[in-house]
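Participant:
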Amino acid sequence: MNTFRRWTIGEIAALKQSLPDALRFVEWSVHEAALAQAVQPLERKYRMLLWKSHGCQGLYGDDGEMQCANAKRHGLLDFKRMSLEVLENALFEMRVREVSEAQQAIREAAP
Ligand SMILES: [Zn+2]
2 MNTFRRWTIG EIAALKQSLP DALRFVEWSV HEAALAQAVQ PLERKYRMLL WKSHGCQGLY
62 GDDGEMQCAN AKRHGLLDFK RMSLEVLENA LFEMRVREVS EAQQAIREAA P
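In our numbering, the protein residues as written are 2 to 112.
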């Protein structure tokens, strides 16, 4: 028994038209996966850089954790799990507040 089906001219024409789109989709998916794979280690490095260099003492880093719970400066920050946007905003607000406090202290100390 012949299991091959005969394709009509119309089906072949439709396949020829949709094939480039299908291939582009597959190509895009592969690129997305490769991009995600390439970005992951960079994001991990960036998170570690933020964690280690944000200027607090007593960082918590057991078992691969990257946390800081400095209540005076910013409250609990989980550099491993919180979104980068939340972390960056928290650190930016902390620095703006600290610069403002330093400027105020300088003004108050001026004769
Ligand atoms: Zn901190």
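Every residue gets a Cβ at the ideal spot worked out from N, C-alpha and C, and that includes glycine.
So is the beta-carbon of Asn90 under 6 Å away from any non-hydrogen atom of ligand 1?
Facilitator: Position 89 of the sequence shown, counted from the start, is the residue given in the question as residue 90. Incorrect: Asn90 has no Cβ contact closer than 6 Å to ligand 1.
Participant: Inspect the beta-carbon positions of Arg45 and Phe80 and report whether they are closer than 7 Å.
Facilitator: Counting from 1 along the sequence shown, the entry for residue 45 is found at position 44. Counting from 1 along the sequence shown, the entry for residue 80 is found at position 79. Not a contact, by the Cβ cut-off of 7 Å.
Participant: Use the C-beta contact count for Trp52: other C-beta atoms within 10 angstroms, 16 or more gives buried, fewer gives exposed.
Facilitator: Counting from 1 along the sequence shown, the entry for residue 52 is found at position 51. That one is buried.
Participant: Skipping 5 residues on each side, what residues in its chain have a beta carbon closer than 7 Å to that of Ala91?
Facilitator: Working through the sequence shown from its first residue, we reach residue 91 at position 90. Closer than 7 Å at the Cβ level, and outside the excluded window around Ala91, lie His75, Leu78.
Participant: Helix, strand or coil: which one does DSSP assign to Leu85?
Facilitator: Looking up residue 85 in the sequence shown gives position 84. Helix.
Participant: Indicate the three-state DSSP secondary structure (helix, strand or coil) for Leu78 in the structure shown.
Facilitator: Position 77 of the sequence shown, counted from the start, is the residue given in the question as residue 78. Reduced to three states, the DSSP call for Leu78 is strand.
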